[in-house]
Every structure is written in structure tokens, then in C-alpha cells.
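K.L.:
Right, I'll just put the structure down here and ask away after.
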Amino acid sequence: MSIYFVHQFTDALLGNVLSIDTKEPWLTYTEWAAAHGDLVFVRLLGQEVVVINSQHVAEALMDKRSRIYSDRPYLATLEPFGWSVVFAFTGYGDEWRLSRRLFHQTFRPDFALKFRPKQIKRAREMIVNLIDDPQHYHDHFATFSSSVAMSVTYGYQTSPRDDPLVRIVENALAVSLQVMTPERAILLKIFPFLLRLPDWCWGSAIKRDARISTHRMTEMTDLPFQYAQEHMVENLSLSQVSMVSDNLQRMEKLDHASKSIFETALKKVAAAAITGSYETTTSTLMTFALAMVLQPDVQRRAQAEIDLVVGGDRLPTFEDRASLPYVESVLRETLRWHPIGPIGVPHATSSDDIFDGYFIPKGATVISNIWGISRDEKRYPKASSFIPERFLAVNNALTDDDPAKYVFGFGRRACPGRHAADASVWSVIVTMLATVEFSPAKDDQGKVIEFTPRFTTGFTHSPMVFPCNISARSRAHSELVDVFRTGA
1 MSIYFVHQFT DALLGNVLSI DTKEPWLTYT EWAAAHGDLV FVRLLGQEVV
51 VINSQHVAEA LMDKRSRIYS DRPYLATLEP FGWSVVFAFT GYGDEWRLSR
101 RLFHQTFRPD FALKFRPKQI KRAREMIVNL IDDPQHYHDH FATFSSSVAM
151 SVTYGYQTSP RDDPLVRIVE NALAVSLQVM TPERAILLKI FPFLLRLPDW
201 CWGSAIKRDA RISTHRMTEM TDLPFQYAQE HMVENLSLSQ VSMVSDNLQR
251 MEKLDHASKS IFETALKKVA AAAITGSYET TTSTLMTFAL AMVLQPDVQR
301 RAQAEIDLVV GGDRLPTFED RASLPYVESV LRETLRWHPI GPIGVPHATS
351 SDDIFDGYFI PKGATVISNI WGISRDEKRY PKASSFIPER FLAVNNALTD
401 DDPAKYVFGF GRRACPGRHA ADASVWSVIV TMLATVEFSP AKDDQGKVIE
451 FTPRFTTGFT HSPMVFPCNI SARSRAHSEL VDVFRTGA
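Residues in the sequence shown are numbered consecutively from 1, following my numbering.
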């Protein structure tokens, strides 16, 4: 392993040949990894940044030395864009520990098993909407992605279509996700006066965006929380306990000062649950849909496996999961092919460290280059291609390589909702494969509409809406969906 030092003092001003692509920094980091090794040290305008380009090194530092690598760095965009309401960005300390404990109580692996009936039910609801209104497939993915988390977190039951709270979440994330990376936050760190420019002045767009983002993030945090408070008694009478209502009951026993601390942490945890479930699951489903349009052979093989195991008179359930290794490999390849968080959420060191002879200073920003790990050609030949078979051994059994071990992050700051997220994604992918067909869209003359996939940039990496056709696989599958549509 080698370490490479890049002095990047003038990136934002000069854009020289060593400059980082601030929209897609993972591409720059991956290029450096190929040339210089698993650990890269960058100085961004006085801030030390350590980029980790291998799963092995990430685990060695963030898992095995988690007491050093569990803090969060300063992001100049965090407060101005209203993202301090999400506990995922909270610094390592007592507030984070309280928030993490609250989150874990609801989303720990054994408790997440209770979500499965809701996940299957919501997946089947989504299929109905997908067949009835295929053009708005992204909206249906978004509604599904938010539905289970909204129910578990706030006791709120989303509408099958055009839910107002889902729309609020979507609007909140639309502006701010692009600026929540260290590379994009540098602009505000260098030029903090941009937030004080008058609205008519050139360069004031970031101020307007920050104001809009803060308003939307506050709305996204407060409105569903208020709903949970107002409907707490009603939901308890129906035995519909949510994370917020359950903890609001516990909060009644605290003194005033403790109540304030507890409520602030609870709001941040709830906001993290919603933003995490929405963005992660929606983007993964968009990646899956894109893969199915581009790789019809993969889709047919997965459908054949489901037909063989499940049959034609019912829809898949979680009990079928272990018997569907190819579907599992499709899910793994979906996570690997275009990882949603290509550089994850950055960590920071809380003390000096020495690793493999190299000094890593206290306060350094530490980035896991998830994209680079997923694009390692030695591990994943033809890494840019969608090849689920790479996760199957010769006997059709799954290999030990599971991208979920790195795409959800490392150490104490790994995504605490990953078990629920994994189950949600599997439930809807297997249900879609069982019931619908993804195919290229055609124009009025019957010609395939060619397109080049485009992706969002910034904190997340997700396919933008693309032309595709979605229809029921057959009359039999349409009848199965009809049964669920009518509630029979």
C-alpha cells in the first residue's frame, strides 16, 4: 500500500490539472487510487482529507479503530442548508450516543423483522400503481420508500399516490443533497460572505438555495412530528405504536431540561430515518429499473427463478428469499453497480493516529471511496457492467462477497437502518420481478427510444428519470395483482 500527497490549495480558484471534480469527486479519487494506492492524503485549502480506497483499509481504520474514526467533520453547508436536524451529521459525543440509542431501539435487526408484513404489503400496493400509472414510476418508488419509515417512525400511513408528506420529503432533499459533500462545502468555507449578499447581487443564488433548503428541512422535520404528537392517543388506542409516540410517552417522566434534550434528539433521529429511507431506497430502485431495461437477459433469468420457486398462483414472500439466490445476486449487483452514496458520509478523526507507518492527524476528514471499492477491476472484472453472476459460485450458491458490507458505511457510523433498508429493497425488487416487465420505451413509430443514462451528483448518485416501458408480465400476473388491488 502507498500513500500519495496532493497539495490542493488553489482548486476552487484555479481549477488546475490536479483539481477534484466537485460534482463527482469519487471519479477523481478512483483515478488516484489506481495510480497511488489504497490511502490518499489530500489538502483542501488547509483541511487534511484522507481518502480510503479499499474495503480492507476502511475496516482496519473505521471498524477496528472506531473510537478514533467516528466523529464528523465541519461542513460549511450543514447549518446554512438546514441539515443539522439530521442526526447522521451530529458530531461524536453524548448527543450522538442518545440519538443512536433511540434509532437502534426501533431499527435494530431483530426489531426490524416486525416491519416485514408492512414491507410486503407496501411493495404490492406499489405494483398496482406501477401497472396503472407506469409513466410516474419514480413517484411510486418514492412513495414506497417513505411508506414503511413514515409508519414506523411517526405512525403515519402514506397515501398510495401523491402523498403530501412524501412530497415534502422529496422537495426538502431536492435542493440540499448536491451541496452536502466536503468538496462542495469548500465554496462556503472560502467565501462565507456569500450568505450575506443581497438577493439582487451576482453570486447570491447559494444564499437563496440555503434559505429554501432550511425552510424545507424544517418543514420535513416538524410536520410529521406534529402529526405523531396529535395522533398519539388515537394510534395507541389502535395499538399502532411508532418510534416517536413510544418515546414521547417515555419523555413525560423526564424533567424540563431533559425533555428538551430528548425531544431534540428524537426529532433528529426521526428526520434521519425518513431522509435515509427515502433517498437510499428510491435511488436503489431507480438503479434496478435502469439495469432491467438495459439487461433483459438478467431480468428473464431472475423471473424464471421466481416462477420455478414460487409458482404462478401467489406472490413472493420473505420465506422464499433463501431459495432465490439469483434474485439475491441481482440485488447485490444493484448495490455495487451504482452505489447510492459513492463517498458515504465523511468521518473525522478525534485524535492522532498512525496506520501502516503513516501519520493521520486529529481533525482530518476521512472519506471512504465506496465508488472506488465497487469499481476495483481485480475484484470485479468488467466493473462498469451489470453482471449479477459475479456473486454466484459454480454451484449457484452465493459467494461471501456482499456489497452491503461496504455500501452502508463502516464502523460506529455505519447506516443504523441498513437491515430494514435491505429488507425493503428486496421485498419490492422480488415483487416487481414476479409481476412486471421492464423494457425500452418506444416512440409512436414503434422505434426504441435511445437514451444515455444521467445521474444526480453531490451527496448521492442516482439515475435520473429515463424512458422505459413497464407492464404486467402476463394475464396471469395481472390477475394476481388484481386480487391484491381489490383486497380479495
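By construction, the Cβ of each residue, glycine as well, lies at the ideal position given by its N, Cα and C atoms.
How long is the line joining the alpha carbons of arginine 196 and proline 117, rounded to whole angstroms?
P.N.:
One-based indexing of the sequence shown puts residue 196 at position 196. One-based indexing of the sequence shown puts residue 117 at position 117. Rounded to whole angstroms, arginine 196 to proline 117 spans 50 angstroms at the Cα level.
K.L.:
Less than 8 angstroms between the C-beta atoms of valine 152 and tyrosine 278, yes or no?
P.N.:
The residue you call residue 152 lines up with position 152 of the sequence shown. The residue you call residue 278 lines up with position 278 of the sequence shown. No, the pair does not count as a contact, with Cβ atoms beyond the cut-off.
K.L.:
Count the other CB atoms within 10 Å of the CB of lysine 267; is the residue buried (16 or more) or exposed (fewer)?
P.N.:
Along the sequence shown, read from residue 1 onward, the residue named residue 267 stands at position 267. Answer is buried; the Cβ neighbour count reaches 16.
K.L.:
Quick check on the burial criterion: 16 or more other C-beta atoms within 10 angstroms. Buried or exposed for cysteine 201?
P.N.:
Position 201 of the sequence shown, counting from 1, holds the residue named residue 201. With fewer than 16 Cβ atoms within 10 Å of its Cβ, cysteine 201 is classed as exposed.
K.L.:
Quick one: give me the first and last residue of the beta strand (DSSP E) that arginine 43 is part of.
P.N.:
By one-based count along the sequence shown, residue 43 stands at place 43. Start and end: 39-44.
K.L.:
Is it the case that the Cβ atoms of glycine 411 and serine 66 are separated by a distance below 8 angstroms?
P.N.:
Locating residue 411 in the sequence shown gives position 411, counting from the first residue. Locating residue 66 in the sequence shown gives position 66, counting from the first residue. Their beta carbons are under 8 angstroms apart, which means glycine 411 touches serine 66 by this criterion.
K.L.:
Can you tell me the Cα-Cα spacing of asparagine 369 and glutamate 319, whole angstroms?
P.N.:
Position 369 of the sequence shown, counted from the start, is the residue given in the question as residue 369. Position 319 of the sequence shown, counted from the start, is the residue given in the question as residue 319. For asparagine 369 and glutamate 319, the distance between alpha carbons rounds to 35 angstroms.
K.L.:
Which term fits serine 176, buried or exposed, when burial requires 16 or more other beta carbons within 10 angstroms of its beta carbon?
P.N.:
Position 176 of the sequence shown holds residue 176. Under this definition serine 176 is a buried residue.
K.L.:
Reducing DSSP to helix, strand and coil, say where lysine 382 ends up.
P.N.:
As a position in the sequence shown, residue 382 is number 382, starting the count at 1. Of the three classes helix, strand and coil, the one that applies to lysine 382 here is coil, per DSSP.
K.L.:
When we look at the beta-carbon of proline 192 and count the other beta-carbons within 10 Å, is it buried (16 or more) or exposed?
P.N.:
In the sequence shown, counting from the first residue as 1, residue 192 sits at position 192. Per the 10 Å Cβ criterion, exposed.
K.L.:
Just list the residues that DSSP pairs cysteine 468 with in beta bridges.
P.N.:
Taking the first residue of the sequence shown as 1, we reach residue 468 at position 468. Paired residues: Pro440.
K.L.:
Provide the residue(s) that pair with aspartate 353 in DSSP beta bridges, ordered along the chain.
P.N.:
The sequence position of residue 353 within the sequence shown is 353, counting from 1. Ile360, per the DSSP bridge assignment.
K.L.:
When you compare the segment 319-337 with the segment 423-438, are there three or more beta-carbon pairs, one atom per stretch, that lie closer than 8 angstroms?
P.N.:
yes
K.L.:
Rounded to the nearest angstrom, what separates aspartate 132 and isoleucine 20 at their Cα positions?
P.N.:
For the purposes of this step, residue 132 is taken as residue 132 along the sequence shown, with counting starting at 1. For the purposes of this step, residue 20 is taken as residue 20 along the sequence shown, with counting starting at 1. Their Cα atoms are separated by approximately 44 angstroms.
K.L.:
Kindly list the residues whose CB is nearer than 7 angstroms to the CB of tryptophan 26, restricted to its own chain and excluding five residues on each side of it in sequence; keep chain order.
P.N.:
For the purposes of this step, residue 26 is taken as the residue at position 26 of the sequence shown. Taken in chain order, the residues that qualify are Pro342, Ile343, Asn369, Trp371 and Gly372.
K.L.:
Strictly by DSSP, which residues pair up with serine 368?
P.N.:
As a position in the sequence shown, residue 368 is number 368, starting the count at 1. Residue pairing by DSSP puts serine 368 in a beta bridge opposite Ile52.
K.L.:
If you draw a straight line from the alpha carbon of leucine 113 to that of aspartate 422, how long is it in whole angstroms?
P.N.:
As a position in the sequence shown, residue 113 is number 113, starting the count at 1. As a position in the sequence shown, residue 422 is number 422, starting the count at 1. Near 11 angstroms, if we compare the C-alpha coordinates of aspartate 422 and leucine 113.
K.L.:
Check this for me: beta carbons of valine 436 and alanine 472, under 8 angstroms apart or not?
P.N.:
By one-based count along the sequence shown, residue 436 stands at place 436. By one-based count along the sequence shown, residue 472 stands at place 472. Closer than 8 angstroms, so yes.
K.L.:
Quick one: Cα of glutamine 157 to Cα of phenylalanine 144, how far?
P.N.:
Counting from 1 along the sequence shown, the entry for residue 157 is found at position 157. Counting from 1 along the sequence shown, the entry for residue 144 is found at position 144. Straight-line Cα distance between these residues: approximately 11 angstroms.
K.L.:
So, for threonine 214: in the same chain, excluding its five sequence neighbours on each side, which residues have a beta-carbon less than 8 angstroms away from its beta-carbon?
P.N.:
Taking the first residue of the sequence shown as position 1, residue 214 is located at position 214. Contacts found: Pro80, Phe81 and Gly82.
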